[in-house]
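The structure appears right after this line, and notes come after that.
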Amino acid sequence: MTKFVTRGVLLVALFGGAVLLTTGCGKTDPTPAKDEKVSKDKDKDKEKVKPKDGEDDHSGWWCKPHGIPEEECSMCSDEYAAKCKAKTPPDWCEKHDRADSQCFICHPEHQEKFAAKYRAKYGTEPPPIKLPKK
Ligand SMILES: [Zn+2]
Ligand SMILES: [Zn+2]
38 MTKFVTRGVL
48 LVALFGGAVL
58 LTTGCGKTDP
68 TPAKDEKVSK
78 DKDKDKEKVK
88 PKDGEDDHSG
98 WWCKPHGIPE
108 EECSMCSDEY
118 AAKCKAKTPP
128 DWCEKHDRAD
138 SQCFICHPEH
148 QEKFAAKYRA
158 KYGTEPPPIK
168 LPKK
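End of the sequence shown = 171 in my numbering, gap-free, step of one.
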């Protein structure tokens with residue numbers, strides 16, 4: 038009889054303790070843990086994106102900020118800029134300091150011409166570029 042009572046008390050104590058532990062954890066842990074996980078995952082995504090940009094073999098060929106192949110980017114290549122200026126008539130936009138044929142501010146339609154080169158090479162849309170205001 039005494040043995041049975043002791044077992045019963047033990048079981049109740051164990052069960053109660055287990056319930057307290059689980060409910061305690063269930064109430065306190067999940068919410069902040071989830072937030073942490075979400076923010077960590079976001080950070081991971083950012084980290085993943087950065088090395089991709091670095092490893093990106095596009096970077097050597099495509100001038101992302103200007104939306105033009107690097108070697109013919111009149112804003113990045115002085116050599117190419119000189120060639121454009123040497124043309125008759127000069128292929129140069131004085132106002133925006135770049136080749137007129139590459140001035141998407143004056144000629145938004147030219148952007149498509151270079152975007153098509155990117156698409157032909159990679160089969161995807163080129164990264165979006167930010168154009169300065171007129
Ligand atoms: Zn450029
Ligand atoms: Zn212009």
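Note that the Cβ used here is the ideal one computed from N, Cα and C, for glycine as well.
If you follow the alpha helix (DSSP H) that residue i is part of, which residue opens it and which one closes it?
| i | result |
| --- | --- |
| K150 | P145 to Y159 |
| A136 | Per DSSP, A136 belongs to no alpha helix (DSSP H) and is neither H nor E. |
| E116 | D115 to A123 |
Do residue i and residue j have their C-beta atoms closer together than 8 Å?
| i | j | result |
| --- | --- | --- |
| A152 | G104 | yes |
| W98 | E109 | no |
| I142 | P165 | no |
Kindly indicate which three-state DSSP category residue i falls into: helix, strand or coil?
| i | result |
| --- | --- |
| T68 | Low per-residue confidence applies at T68: pLDDT is 49, beneath 50, and the placement is therefore not dependable enough to give any value. |
| W98 | helix |
| P163 | coil |
| D82 | Note on D82: pLDDT 49, under 50, position unreliable in the model; no value is reported. |
Tell me whether residue i is buried or exposed, calling it buried when 16 or more other Cβ atoms sit within 10 Å of its Cβ.
| i | result |
| --- | --- |
| Y117 | buried |
| D94 | Legend: pLDDT at D94 = 48, less than 50; position of this residue unreliable, value from coordinates given subsequently. So D94 ends up on the exposed side. |
| A136 | buried |
| D155 | The sequence shown places Tyr at residue 155, rather than the Asp named in the question. It is buried - the Cβ of Y155 has at least 16 other Cβ atoms within 10 Å. |
| P163 | buried |
Regarding residue i and ligand 1, is the C-beta to nearest heavy atom distance less than 7 Å?
| i | result |
| --- | --- |
| P102 | yes |
| I166 | no |
| I105 | yes |
| C140 | no |
Measuring from the CB of residue i, is there a heavy atom of ligand 2 at a distance below 7 Å?
| i | result |
| --- | --- |
| K170 | no |
| C121 | no |
| K132 | yes |
| C113 | no |
| C177 | The structure shown has nothing for residue 177, since the chain only spans 38 to 171. |
Counting only beta-carbon separations shorter than 8 Å, does residue i have a partner in chain B?
| i | result |
| --- | --- |
| H147 | The structure shown contains no chain B, having only a single protein chain. |
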